[in-house]
Structure formats: structure tokens, C-alpha cells
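Right, one structure below, let's go through it.
If you want it as C-alpha cells, here you go:
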């Protein structure tokens, strides 16, 4: 009898072998640099407060004081890894399964693999250099790439849209979107430039980034610093970067914020934004805040989407082609 269910893997065996080879190269890369591999929990009592991300939740029904408590599958191992850093671990990395609700498509899977690492004593510029070395090592047998490009957030907007993103008003950004023929979603705010910047970045700048070379976009607006330090100036900027190759975002990194008071303020601001958007308010990670209060060493960290990197290395068009069993067949 013929089975009507397609039970087979999404990735072919050659791609699965490539995944294994790249994972081995990653571990060898960090071993030569004395960076410790660690493992942290997938479940947490805290959840991400970022209104752009959604966590999967479950309820614990076993013995102990956490009976009946809602727990969350992590969207990144960042918070527990920072607790290890505060405890004196030194430089660390993790190859982690992470989970994000509501993310499915050609470049998204609700469960995916992140390579995340932290380098004590690095700023975001020094970490970008190391990211470039690792990415080049992983891709060199598969892709012929020119030397990496470093481009500030401001330079990218000036080059592709003739706009200074740190000075532009909502009206100017909306006019640029109209000139560029960018479809404008309903409900775009009249008093917040960040959604307009994101719209123009994703629709008219990102497709040009990393064509034939690694491209690092760095020094984001202070309002988009996320978990990065702010560098004073006129205007101040977030010491944050993203890595692109052929228009695909591969990594997001920070010169890490170590101020517990400022971190709590950002968590509270994000939860306020979630509430304003009708999203559930999520519990903040008090363990992380206590670790920051105890003292996070000066460090930079980055999360790299391993599945996306494999997709580009293998010459595939979707994550479903590089995962053993994508979401639809899980």
C-alpha cells in the first residue's frame, strides 16, 4: 500500500553531511581560540520582552515549587550565557536549538539552530572581525567571496536612499517609501521613526547588502540598540551590528550592555510596547538582572543563524531544504 504521508527528510543526505562538516569546523575554530562550549536550559521562567518576537509557552505539572508555573522555550540562549559570563566563565559559545512562535517561511522555521558566542574584552568591531574569519572559513569551499565590507547604518541609508536615518522625520521617511514604491502597511505610526526605518531597510536596502561579499551593518540608532551599549555622540548610537550575505541576514551582535538598571528600563519599555500593541506582557529575567548587578565583564556577543548559513553554503533557496525535518514535517 502506498503511503500518502511524505515521511522523508527535507534535506538531502549531501546537505546533512555538509551540516555536520560545518558544525565540526565551528567547534575546531573555537577550540583553537580557547573558547569554551557550554549548554544552558531551553526552558525558562522568563520570556523575551522584545515585541517583535514571540515565545512558545508550556505549563509544568511535575513535583516541586514550580508546579503549575508557565515556562517558556527560549528564543536565544543569551540570558543564561550572560549569567555564566558574570560567574567568571570567560569566553564561551553554544550551538543551541531555539524557538520562536509565529515565524515560518522560506527563511524562517519555528525551531532553528543558533550559534551564539561571547568574547570577553572585545567590542563590536573586534567581534565583527572574528565573525568574518569564521564565516569565511565555513563558506570558502562553497562560495567565492570578495573581501568583507563594513558599512555604518547611516552610510547604508545615505548610499541607497540619500537619507540620514539619525535625522530624518517620519514625514521624510514616508515620502521616501512612497518614492521608492514601497507598499506601506496599515497602522504605521505618525510619531515613531523606527517602523519606518525598518520598512525601508528591509524593502530597499537589505537586498543590496552582501552581494558577493560579507557585509557588516553597524552602529544602529540608539532606539534600536536592543541589548547593546550606547556610544555617546551627536547622535548617540547603539554598538550593534548585523551581518548580511546576498541580502540574507545571518547574524546580530552587540557590545553588550552591562548596566542592570538600564537593562531593566529597556525590559519595562518593551513590555509597555507589547501592552500598547495588544500583546501579552512577559516576565522579565530577574536572574539575568541579578547577574548584571553582580557584574558582567566587558564583552561582545553575537548570534549567527546556522541554518541560514548552511542554506547559502549549499546553494539552496529555503531553510526547509537544509533541515532534516522542517516544521511542516516535524
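Residue numbers (our numbering): -7 to 322. All residues carry an ideal CB built from backbone N, CA and C; glycine is no exception.
Whose CA, out of the options, lies closest to the CA of residue i?
i           : options            : result
residue 66  : 216, 250, 89       : 89
residue 228 : 14, 63, 217        : 217
residue 64  : 80, 41, 270        : 41
residue 73  : 251, 271, 111      : 111
residue 202 : 223, 249, 17, 135  : 135
residue 175 : 163, 82, 191, -1   : 191
residue 207 : 54, 148, 102       : 148
residue 86  : 29, 196, 304, 78   : 29
residue 91  : 34, 80, 171        : 34
residue 163 : 189, 152, 151      : 189
residue 184 : 251, 157, 120, 253 : 157
Just to confirm the assignment, what range does the beta strand (DSSP E) spanning residue i have?
i           : result
residue 209 : 207 to 213
residue 296 : 291 to 297
residue 230 : 229 to 237
residue -1  : Careful: residue -1 lies outside any beta strand (DSSP E) and carries neither H nor E.
residue 90  : 84 to 91
residue 98  : Unbroken run through residue 98: none, as it is neither H nor E.
residue 241 : 240 to 247
Where do the ends of the alpha helix (DSSP H) carrying residue i lie?
i           : result
residue 118 : 116 to 131
residue 50  : From DSSP, residue 50 is part of no alpha helix (DSSP H) but of the beta strand (DSSP E) over 49 to 51.
residue 319 : Looking at the DSSP string, residue 319 is not in any alpha helix (DSSP H), and its letter there is neither H nor E.
residue 267 : 252 to 268
residue 282 : 278 to 287
residue 145 : 145 to 153
residue 63  : That residue, residue 63, is in no alpha helix (DSSP H); its beta strand (DSSP E) goes 62 to 65.
residue 164 : 162 to 171
Using 10 angstroms around the beta-carbon of residue i, count the other beta-carbons present and answer buried if the total reaches 16, otherwise exposed.
i           : result
residue 5   : exposed
residue 173 : exposed
residue 200 : exposed
residue 58  : exposed
residue -3  : exposed
residue 7   : buried
Near residue i, which residues of its chain fall below 7 angstroms by C-beta distance, leaving aside the five closest residues on each side in sequence?
i           : result
residue 187 : 180, 181
residue 273 : 263, 266, 267
residue 139 : 205
residue 76  : 30, 84
Ordered along the chain, which non-local residues of its own chain (more than five positions away) have a Cβ less than 6 angstroms from that of residue i?
i           : result
residue 166 : none
residue 298 : 105, 107
residue 109 : 85
residue 14  : 130
residue 212 : 145, 230, 232
Short of 8 angstroms in beta carbon distance, which residues of its chain neighbour residue i, apart from the five on each side in sequence? Order them along the chain.
i          : result
residue 43 : 262, 265, 266, 269, 271
residue 23 : none
If you pair each beta-carbon of the segment 231 to 243 with each one of the segment 255 to 275, do three or more pairs fall below 8 angstroms? no
Decide if the segment 97 to 105 is in contact with the segment 273 to 287; the criterion is three or more beta carbon pairs, one per stretch, under 8 angstroms apart. no
Is there contact between the segment 28 to 48 and the segment 133 to 144, where contact requires at least three CB pairs shorter than 8 angstroms? no
Inter-stretch contact at 8 angstroms, needing at least 3 Cβ pairs: the segment 308 to 318 / the segment 116 to 129: no
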